[in-house]
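Novice: Below is a structure I'd like to ask you about.
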Amino acid sequence: MENVSRLRYFIYLSLIIIGGCTTGKNALQKGDYDASVSKAVSRLQNSPKNTEAMQVLKTAYDLALQSHLRKIDEAKLSNDLFRWESIMYDYQKINQLADDINSCPACLTIVPSPSKYITELADSKYMAAGARYNSGLGYLRDNNRLAAKKAYYEFEKTLNLEPNYKDAKAKMEDAYWAAVTRVVVQPIIVNSSLYKLSADYFQQQIDQFIGKYARNRFVLFYGEQQATEQKIVPDQVLSLNFDDFVVGQTYVKERVEKLKRDSVVIGETRERKPIYGTVKATLSIFEKNISSSGLLDMSIMDWQTKKLVRQQKFPGTYVWRDSWASYKGDDRALSKQQLAMTKRREMLPPPPSTLFLEFTKPIYSQLVDDISYYYNNY
Numbered sequence: 155m156e157n158v159s160r161l162r163y164f165i166y167l168s169l170i171i172i173g174g175c176t177t178g179k180n181a182l183q184k185g186d187y188d189a190s191v192s193k194a195v196s197r198l199q200n201s202p203k204n205t206e207a208m209q210v211l212k213t214a215y216d217l218a219l220q221s222h223l224r225k226i227d228e229a230k231l232s233n234d235l236f237r238w239e240s241i242m243y244d245y246q247k248i249n250q251l252a253d254d255i256n257s258c259p260a261c262l263t264i265v266p267s268p269s270k271y272i273t274e275l276a277d278s279k280y281m282a283a284g285a286r287y288n289s290g291l292g293y294l295r296d297n298n299r300l301a302a303k304k305a306y307y308e309f310e311k312t313l314n315l316e317p318n319y320k321d322a323k324a325k326m327e328d329a330y331w332a333a334v335t336r337v338v339v340q341p342i343i344v345n346s347s348l349y350k351l352s353a354d355y356f357q358q359q360i361d362q363f364i365g366k367y368a369r370n371r372f373v374l375f376y377g378e379q380q381a382t383e384q385k386i387v388p389d390q391v392l393s394l395n396f397d398d399f400v401v402g403q404t405y406v407k408e409r410v411e412k413l414k415r416d417s418v419v420i421g422e423t424r425e426r427k428p429i430y431g432t433v434k435a436t437l438s439i440f441e442k443n444i445s446s447s448g449l450l451d452m453s454i455m456d457w458q459t460k461k462l463v464r465q466q467k468f469p470g471t472y473v474w475r476d477s478w479a480s481y482k483g484d485d486r487a488l489s490k491q492q493l494a495m496t497k498r499r500e501m502l503p504p505p506p507s508t509l510f511l512e513f514t515k516p517i518y519s520q521l522v523d524d525i526s527y528y529y530n531n532y
């Protein structure tokens, strides 16, 4: 019986707590008047005669309205350049409270005419847009790339507030082009017909990367031919050159092992009983490594000052490997793996053009990572 009584007590207590949460009472006690109104409205939509929700709604709405109007008056008296955004936010909250109440018939019996500030909201939004617009003009007058970026974002905020505000679209476009860094990427020159196709493929990968680059809207890459055709005056020139590369350095190593195995059947007696003995063999293992490597230099130069602003070097190596073996003696002295190796024959290595392409793969990964790192937040 004691357990039953205790269970009833906890159920009763839980219902009180849940009721307080769903009617907005707890939010009201914590001073979160907007949340309190929202919870009370939600409860009255589902339970129109809930007495506690009615009481909460009346009190919470009056306090919420007073709170937002007080914040609006305080903001109007402040010197904050962007105070109209705060004012706009509070008018939006007041209007949202009114919309919530108007969507609930039971709520309208408690708050018959919730206040809405439609004209005031529109005016504050227009004033907020004007503040952002003037801020953008100020940054544009500074006449430098970083200030132009700030101006761009200010005009963007202006248009988010008022899509047709004055000439904000044109000013945003002006700010963008004043903020953009134009980077011309010079092609890699490899003075060897043997590697021309592979070098061209490597260049195509780089061209694809810069063509798809979109992480930083204020950095535009151009290939050299594209820049010439469009008469682009670069801000920076990115040059790529191989300091050195070696293709097809061949190393062959031979390792000789003396093998023997005991207790191997080497014959039979006249009575057909096995004769055990030791078998021997000499195993020669050949390992061929063909190494190809190179070092790519990346330099970024400021076009106006002709000063080097960044230089990095990226190494790349590729090693092609082959192995085979031969033996002399009794093959029973060899393990299965060793015997399988003796059945292999020396393979033809890839052509030089393929070896060239392989050692550029790690170089490409390092290169695009570094370009991204440098320009993503430029």
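Okay, so the sequence shown: first residue is 155 according to my numbering, each after it adds one. We put the CB at the ideal spot given by N, CA and C, even for glycine.
Out of K325, I364, F396, which has the shortest C-alpha to C-alpha gap to A353?
Specialist: Residue mapping note: residue 353 aligns to position 199 of the sequence shown, counting from 1. Nearest of K325, I364, F396 to A353, Cα basis: F396.
Novice: Tell me whether D456 sits in a helix, a strand or coil according to DSSP, three-state version.
Specialist: As a working note, residue 456 is residue 302 in the sequence shown. Strand.
Novice: According to DSSP, what are the bridge partners of Y481?
Specialist: Taking the sequence shown and counting its residues from 1, the one referred to as residue 481 is at position 327. According to DSSP, which records beta bridges pairwise, Y481 is partnered with L437.
Novice: Can we say the region 221-240 touches the region 277-287, given the rule of at least three CB pairs closer than 8 Å?
Specialist: yes
Novice: Quick check: what's the CA-CA separation for F440 versus S446?
Specialist: By one-based count along the sequence shown, residue 440 stands at place 286. By one-based count along the sequence shown, residue 446 stands at place 292. Roughly 20 Å separates the two Cα atoms.
Novice: For R369, count the other beta carbons within 10 Å of its own beta carbon; 16 or more makes it buried, fewer makes it exposed. Which is it?
Specialist: Counting from one through the sequence shown, the residue named residue 369 turns up at place 215. The residue in question, R369, is exposed, as its Cβ has fewer than 16 Cβ neighbours within 10 Å.
Novice: Under DSSP, the alpha helix (DSSP H) around L294 begins and ends at which residues?
Specialist: Walking along the sequence shown from the start, residue 294 turns up at place 140. L294 -> alpha helix (DSSP H) spans 272-295.
Novice: Tell me the rounded alpha-carbon separation between G174 and A302.
Specialist: As a first step, residue 174 must be located in the sequence shown, where it is residue number 20. As a first step, residue 302 must be located in the sequence shown, where it is residue number 148. Its pLDDT being 40, under 50, G174 is placed unreliably in this model, and the coordinates cannot settle the point.
Novice: Measure the CB-CB distance between W478 and M495 and report whether it falls below 8 Å.
Specialist: Position 324 of the sequence shown, counted from the first residue, corresponds to residue 478. Position 341 of the sequence shown, counted from the first residue, corresponds to residue 495. The answer is yes: Cβ separation under 8 Å.
Novice: Taking the Cβ atom as the reference point for each residue, do K467 and D451 lie within a distance shorter than 8 Å?
Specialist: Position 313 of the sequence shown, counting from 1, holds the residue named residue 467. Position 297 of the sequence shown, counting from 1, holds the residue named residue 451. Contact flag set, yes.
Novice: Would you mind reading off the limits of the alpha helix (DSSP H) that contains N314?
Specialist: Taking the sequence shown and counting its residues from 1, one reaches residue 314 at position 160. Taken as a continuous stretch (DSSP letters only), the alpha helix (DSSP H) holding N314 covers 299-315.
Novice: Between which two residues does the alpha helix (DSSP H) holding F236 run?
Specialist: In the sequence shown, counting from the first residue as 1, residue 236 sits at position 82. From DSSP, F236 is part of no alpha helix (DSSP H); its letter is neither H nor E.
Novice: Rounding to the nearest angstrom, what Cα-Cα distance links Q209 and G185 in this structure?
Specialist: Residue numbering aside, residue 209 sits at position 55 when the sequence shown is read from its first letter. Residue numbering aside, residue 185 sits at position 31 when the sequence shown is read from its first letter. Roughly 15 Å between the two C-alpha positions.
Novice: Starting from the N-terminal side, write out each stretch of the beta strand (DSSP E) that is 3 residues or longer and does not extend beyond the region 349-435.
Specialist: 373-377, 390-422
Novice: Please determine, among K460, L275, K515, S347, the residue with the shortest C-alpha to C-alpha distance to Q359.
Specialist: By 1-based counting over the sequence shown, the position of residue 359 is 205. Nearest option by C-alpha distance: K515.
Novice: Along the chain, where does the alpha helix (DSSP H) containing T508 start, and where does it finish?
Specialist: Here residue 508 is taken as the residue at index 354 of the sequence shown, counted from 1. In this chain, the alpha helix (DSSP H) harbouring T508 covers 506-529.
Novice: Using 8 Å as the Cβ pair cut-off and three pairs as the minimum, do the region 367-381 and the region 325-338 touch?
Specialist: The region 367-381 and the region 325-338 touch, with no fewer than 3 CB-CB distances between them shorter than 8 Å.
Novice: Have a look at Q403 and L462 and give me their C-alpha separation to the nearest angstrom.
Specialist: Counting from one through the sequence shown, the residue named residue 403 turns up at place 249. Counting from one through the sequence shown, the residue named residue 462 turns up at place 308. Approximately 34 Å between the Cα atoms of the pair.
Novice: Span of the alpha helix (DSSP H) holding V195?
Specialist: Your numbering for residue 195 matches position 41 in the sequence shown. Per DSSP, V195 belongs to the alpha helix (DSSP H) from 187-200.
Novice: In terms of alpha-carbon separation, which member of S480, Q384, G470, R499 lies closest to R409?
Specialist: In the sequence shown, the residue the question calls residue 409 occupies position 255. It is S480.
Novice: Which of the three DSSP states, helix, strand or coil, is assigned to I343?
Specialist: On the sequence shown, residue 343 is found 189 positions in, with the first residue counted as 1. The answer is coil: DSSP assigns I343 none of H, G, I, E or B.
Novice: In chain order, what residues of the same chain lie with their CB nearer than 8 Å to the CB of Q340, ignoring the 5 residues before and after it?
Specialist: Translated into the one-based positions of the sequence shown, residue 340 becomes position 186. Leaving aside the five residues that flank Q340 on each side, the residues in its chain whose CB is nearer than 8 Å to its CB run, in chain order, E378, V391, L392, S393, L394.
Novice: Can you give the Cα-Cα distance for A207 and A189, rounded to whole angstroms?
Specialist: Locating residue 207 in the sequence shown gives position 53, counting from the first residue. Locating residue 189 in the sequence shown gives position 35, counting from the first residue. The straight-line gap from Cα to Cα measures roughly 13 Å.
Novice: Do T432 and R415 have their C-beta atoms closer together than 8 Å?
Specialist: Counted from its first residue, the sequence shown places residue 432 at position 278. Counted from its first residue, the sequence shown places residue 415 at position 261. For T432 and R415, yes; Cβs fall inside 8 Å.
Novice: Going along the chain, which residues of its own chain have a beta-carbon closer than 8 Å to the beta-carbon of Y245, five neighbours each way excluded?
Specialist: Working through the sequence shown from its first residue, we reach residue 245 at position 91. H222, I226, Y271, E274, L275, S278.
Novice: How close, in whole Å, do the beta carbons of Y355 and L511 come, if the pair is a contact with beta carbons under 8 Å?
Specialist: Residue mapping note: residue 355 aligns to position 201 of the sequence shown, counting from 1. Residue mapping note: residue 511 aligns to position 357 of the sequence shown, counting from 1. Contact holds; Cβ gap of about 6 Å.
Novice: Among L182, N180, L348, which residue has its Cα nearest to the Cα of P506?
Specialist: As a first step, residue 506 is located in the sequence shown; it is residue number 352 there, counting from the start. Answer by Cα proximity: L348.
Novice: For E500, which residues from the same chain have a beta carbon less than 6 Å from its beta carbon, with the 5 sequence-adjacent residues on both sides left out?
Specialist: For the purposes of this step, residue 500 is taken as residue 346 along the sequence shown, with counting starting at 1. Only W478 meet the Cβ criterion.
Novice: Note down the Cα distance separating R224 from L231, rounded to an integer number of angstroms.
Specialist: Mapped onto the sequence shown, residue 224 falls at position 70. Mapped onto the sequence shown, residue 231 falls at position 77. Taking the straight line joining both Cα atoms gives about 11 Å.
Novice: Using a Cβ-Cβ cut-off of 7 Å (strictly less than) and excluding sequence neighbours within five positions of W457, which residues of its own chain qualify?
Specialist: To locate residue 457, count along the sequence shown from 1; it is residue 303. Correct list, in chain order: P388, D389, Q390, V391.
Novice: With a threshold of 7 Å, establish whether the CB of R475 neighbours any heavy atom of the ligand MG.
Specialist: As far as ligands go, the structure on display features none, and thus does not contain the ligand MG.
Novice: Over the uninterrupted alpha helix (DSSP H) stretch that includes P259, give me the two end residues.
Specialist: Here the question's residue 259 lines up with position 105 in the sequence shown. Unbroken alpha helix (DSSP H) run through P259: 259-262.
Novice: DSSP state of Y532, grouped into three classes?
Specialist: Within the sequence shown, numbered from 1, the residue matching residue 532 stands at position 378. Coil, per DSSP.
Novice: What three-state label does DSSP hand N204 in the structure shown?
Specialist: By 1-based counting over the sequence shown, the position of residue 204 is 50. Correct three-state label for N204: coil.
Novice: Would you kindly work out how many angstroms separate the C-alpha atoms of E327 and Y306, rounded to a whole number?
Specialist: As a first step, residue 327 must be located in the sequence shown, where it is residue number 173. As a first step, residue 306 must be located in the sequence shown, where it is residue number 152. Spanning the two alpha carbons is a distance of roughly 8 Å.
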